[in-house]
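Colleague: Take the sequence shown: its position 38, counting from 1, is numbered 338 in my numbering, and each next residue is one higher.
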Amino acid sequence: MPTYRPGPVSLILAALVALFLLLPLLAVIPVSLTPTRMLAMPSGELSLRHYRALIEDPRWINSILLSIRIGVVSSAFSTVLALCFSLGVWMFQPRFTAALVGFVLLPMVVPPVVSAITLYFLLTSISGVSSFFGYDTWLGVAMAHAVMTVPFATVLILVSLSQLDRRIDLAARGLGATVWERATRIIMPNIKFGIVTAALLSFVLSWEEIGVTLFITSVNAITLPRLMWMGLRDNIDPAIAALSVILIIITVLVLAARSAVVRLRGGQ
Numbered sequence: 301m302p303t304y305r306p307g308p309v310s311l312i313l314a315a316l317v318a319l320f321l322l323l324p325l326l327a328v329i330p331v332s333l334t335p336t337r338m339l340a341m342p343s344g345e346l347s348l349r350h351y352r353a354l355i356e357d358p359r360w361i362n363s364i365l366l367s368i369r370i371g372v373v374s375s376a377f378s379t380v381l382a383l384c385f386s387l388g389v390w391m392f393q394p395r396f397t398a399a400l401v402g403f404v405l406l407p408m409v410v411p412p413v414v415s416a417i418t419l420y421f422l423l424t425s426i427s428g429v430s431s432f433f434g435y436d437t438w439l440g441v442a443m444a445h446a447v448m449t450v451p452f453a454t455v456l457i458l459v460s461l462s463q464l465d466r467r468i469d470l471a472a473r474g475l476g477a478t479v480w481e482r483a484t485r486i487i488m489p490n491i492k493f494g495i496v497t498a499a500l501l502s503f504v505l506s507w508e509e510i511g512v513t514l515f516i517t518s519v520n521a522i523t524l525p526r527l528m529w530m531g532l533r534d535n536i537d538p539a540i541a542a543l544s545v546i547l548i549i550i551t552v553l554v555l556a557a558r559s560a561v562v563r564l565r566g567g568q
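This is the structure:
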């Protein structure tokens, strides 16, 4: 088949569009090097003081570690719930499948403010019973994030199951495999990419969640997005720009590594 390569005009237009989209991100780099205590473009002198602040200030380190912990727990919990629900719907095909799926997807449809208020009252009620799991606790935040990310994980796993040939499960069932064996040895290995994708997406959504977190935290469970929001609201800390640059670099490195792996597999 003939290959069609874009002409120089198309390449120039694509480069201009990409540059236009990247300009807001590139503008953060010089701001992160400002020597002043406020967000401003540097005027001649450059400084790494705000990058040092990310290391020397324990608030940033603690919030990053807390966000990672919450993201891992939330991702694991939401992925397990989504996997159990999706397998049950796909294997047993209950009569009210559409209603059940719609119920699970409600947090995706309901405005985040409504979900945040509901979770606030739920966690404050739980706080009266247990201080370990409730309002302004890291485990309570993780469970709240799981509630918000379960619909996205469910959609990804259901899509993976929709591409799986049901005759594989029927054959295993005909050979006497139990429900547990069919789920763990037949179905899950064939949708492992969807499961991993659901877990990664749940972690990313938990990592950047701010709307619900503002309602269910106060002074103890300060995640990274909440600390950044506090810095922007109170004193516009330039350390936020430095942190943004670091996150951009990490994202670029991950994408570059993924592209390199895809090219290596394609070459083989």
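Don't be surprised by glycine CBs; every beta carbon is placed ideally from N, CA and C.
Could you tell me the alpha carbon to alpha carbon distance between Pro-538 and Thr-334, rounded to whole angstroms?
Modeller: 8 angstroms
Colleague: Identify which residue in Leu-514, Gly-388, His-445 has its Cα closest to the Cα of Trp-507.
Modeller: His-445
Colleague: What's the call for Phe-432, buried or exposed, on a 16-neighbour Cβ count within 10 Å?
Modeller: Answer is exposed; the Cβ neighbour count stays below 16.
Colleague: Once you ignore the five residues that flank Phe-385 on each side, which residues in its own chain have a CB closer than 7 angstroms to its CB?
Modeller: Val-404, Thr-454
Colleague: Given Met-301, which residues of its chain have a CB within under 8 angstroms of its CB, disregarding the five upstream and five downstream residues?
Modeller: With a pLDDT of 49 at Met-301, under the threshold of 50, the modelled position of this residue cannot be trusted; read the value that follows with caution. So the list is empty, once near-sequence residues are dropped.
Colleague: Rank Phe-377, Thr-437, Asp-469, Met-341 by C-alpha distance to the C-alpha of Arg-485 and give the top, closest one.
Modeller: Asp-469
Colleague: With DSSP collapsed to three states, give me the class of Asp-469.
Modeller: helix
Colleague: The alpha helix (DSSP H) with Thr-424 in it runs from where to where?
Modeller: 412-427
Colleague: Determine the closest residue to Arg-337 out of Val-328, Ile-368, Leu-458, His-350, with distance taken between C-alpha atoms.
Modeller: Among Val-328, Ile-368, Leu-458, His-350, the Cα nearest to that of Arg-337 belongs to His-350.
Colleague: Could you give the distance in angstroms between the alpha-carbon of Val-447 and the alpha-carbon of Ala-499?
Modeller: 14 angstroms
Colleague: By the three-class DSSP mapping on this structure, what secondary structure does Ile-549 have?
Modeller: helix
Colleague: How about Gly-440 and Ile-522: do their beta carbons lie closer than 8 angstroms?
Modeller: no
Colleague: Could you give the C-beta distance for Leu-464 and Asn-490, rounded to a whole number, given that I count them as a contact under 8 angstroms?
Modeller: 5 angstroms
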